[in-house]
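Under the numbering used here, the first residue of the sequence shown is numbered 22, with each subsequent residue one higher.
All C-beta atoms in this analysis are idealised placements derived from N, C-alpha and C, irrespective of residue type, glycine included.
Below is one structure, written out as structure tokens; the observations come after it.
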Amino acid sequence: MVSAMSFYANSLMVRSTENRLLNYRQLLHQYLVDMYAKIEAERLLFIRLNQMKLRIHEYIHFKDAITNDSDRANHGKLVIVPSTFTACPQNMHEYAQDAITCIRHGGKPSLFIT
22 MVSAMSFYAN SLMVRSTENR LLNYRQLLHQ YLVDMYAKIE AERLLFIRLN QMKLRIHEYI
82 HFKDAITNDS DRANHGKLVI VPSTFTACPQ NMHEYAQDAI TCIRHGGKPS LFIT
């Protein structure tokens with residue numbers, strides 16, 4: 022079975038022959054957005070279906086906070102997204118901590134280039 026990311030990466034690959042898909046501009050942009058949404062949904066489905074393999078049971082403090090909450094109507098099924106998932110809160114926190122560490126070791130930047 023081929024993942025959606027592998028399939029779409031293969032279809033967008035630059036080849037020696039002409040790739041007509043790359044000539045369609047705005048249609049290509051919409052296609053890329055749709056591909057990204059499909060890949061993201063596939064990754065989230067994998068995380069949801071493989072909670073035990075991802076060692077989610079080790080998040081004891083988080084589970085305690087959820088079980089001790091008085092209003093159970095606000096809870097659905099508990100799915101914990103690991104920090105390796107791009108743009109999740111844990112991932113953003115790790116990037117922020119890395120940036121703070123770089124500033125701590127290297128000092129404040131003297132020039133900001135974008």
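Which two residues bound the contiguous alpha helix (DSSP H) that contains residue i?
| i | result |
| --- | --- |
| glutamine 111 | 110-127 |
| leucine 33 | 25-33 |
| methionine 56 | 47-70 |
Check the C-beta distance from residue i over to residue j and give it rounded, since I have them as a contact under 8 Å.
| i | j | result |
| --- | --- | --- |
| alanine 108 | isoleucine 60 | No, alanine 108 and isoleucine 60 are not in contact; Cβ-Cβ is about 13 Å, not under 8 Å. |
| isoleucine 68 | valine 100 | 7 Å |
| leucine 66 | proline 103 | Wrong, their Cβ atoms sit about 14 Å apart, outside the cutoff. |
| arginine 64 | phenylalanine 28 | Not a contact, Cβ separation roughly 14 Å. |
Please state the DSSP three-state secondary structure of residue i.
| i | result |
| --- | --- |
| arginine 76 | coil |
| leucine 43 | helix |
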